[in-house]
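A short write-up of the structure that comes next.
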Amino acid sequence: MSAAAGWYPDPTGAPGGRWWDGAQWTAHTLAPPVAPRPVDVPTNTVWIWLAIAASTLPLASLLFLDPSGYISATMRAAHDAEAAFAASVAWMLQCLTIGLVSWVFVGAAILFSWLDWRELRRRGVPVPFHWAWALLALAGAGLAVYVIGRTVVLRRRTTAGGWAPLWVWIGTLVLAVIVAIAWATTIVAQILGSIPIGLSA
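As structure tokens, then:
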């Protein structure tokens, strides 16, 4: 049984393709595909900057959590269970509110990624990196895949390259990690500071 008629890689090793008529190779050849020339368009849209900001702001919400009241109420729970319960409920409501606000920012980052993709297409970028990769932010990946993929595709298809958003995103991520470490260190210090050192006889 023979392969179906069609274009196949040239069996002589020449670049391009050669037509197989179903029984034999023909003299008809196909030139190798030529990569499109990079287009000269601006690639930094307002939407990518807003997407980066929206994806980073939820990390800044850690600054609005104040665990000191919760920690002190927990330490006093044996003496005042009602106050400890009230502090726990207040802490949970605070965490829930900040969590909901964070999800709103994630949704905004996805929306801004779509608007960025649409604007890049309008400007003439051939097949920009698809915005749907930003949906991985819902799985906790942030905008990592979209920002990195966008930069790689723009580097290949435009003269501008689109590096600035990637570097700004990396910088905000590093800053967010530093803030999170400082916040966690502060909480641990508060917890250790509220533990009674001496034991009564």
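Position one of the sequence shown corresponds to residue 1 (UniProt numbering), numbered consecutively onward.
Glycine included, every Cβ here is placed at the ideal spot set by N, Cα and C.
Owing to the predicted nature of the structure, the values given are computational and were not obtained by experimental measurement.
Would you mind stating whether residue i and residue j have Cβ atoms separated by less than 9 Å?
i	j	result
valine 179	leucine 57	no
tyrosine 146	tryptophan 167	no
serine 113	leucine 154	no
isoleucine 98	leucine 65	yes
alanine 73	alanine 60	no
isoleucine 71	isoleucine 181	no
glutamine 190	serine 68	yes
leucine 123	tryptophan 131	Position check: residue 123 holds arginine in this sequence, whereas leucine was assumed. Contact: no.
Got a sec? Which residues, its chain only, sit under 7 Å from residue i by beta carbon, not counting five neighbours each side?
i	result
tryptophan 7	Gly17, Trp19 and Leu30
proline 9	Gly17
glutamine 94	Leu65
Per DSSP, residue i is paired with what?
i	result
threonine 158	Val39
arginine 18	Tyr8 and Thr29
Leaving out five residues before and five after residue i in sequence, what residues of the same chain have Cβ atoms less than 8 Å from its Cβ?
i	result
threonine 158	Pro38, Val39, Asp40, Val41, Thr43 and Val125
proline 165	Asn44, Ile48, Trp49, Ile52, Val147, Arg150 and Thr151
serine 200	Per-residue confidence for serine 200 stands at a pLDDT of 48, beneath the threshold of 50, marking its modelled position as unreliable; no derived number is given.
proline 36	Pro126 and Arg157
Under 9 Å between C-beta atoms, does residue i make it to chain C?
i	result
serine 102	Absent from the structure is chain C; it holds one protein chain and no more.
Output needed for residue i: all residues of its chain with C-beta closer than 6 Å, excluding positions within five of it in sequence on either side, in chain order.
i	result
phenylalanine 105	Ala54, Leu57 and Pro58
Could you tell me which of the options sits nearest to residue i, measuring between CA atoms?
i	options	result
proline 15	Val101, Val34, His79 and Phe129	Val34
proline 128	Leu115, Leu135 and Ala139	Leu115
leucine 135	Ala27, Gly171, Ile195 and Ala108	Ala108
alanine 139	Trp163, Trp103 and Gly13	Trp103
serine 194	Trp131, Arg76 and Leu173	Arg76
glutamine 24	Gly13, Ala3, Ala137 and Pro36	Ala3
threonine 26	His130, Trp169 and Ala5	Ala5
### Message
What ranges does the alpha helix (DSSP H) occupy inside the stretch 68-97, keeping only unbroken runs of at least 4 residues that lie completely in it?
### Response
68-75
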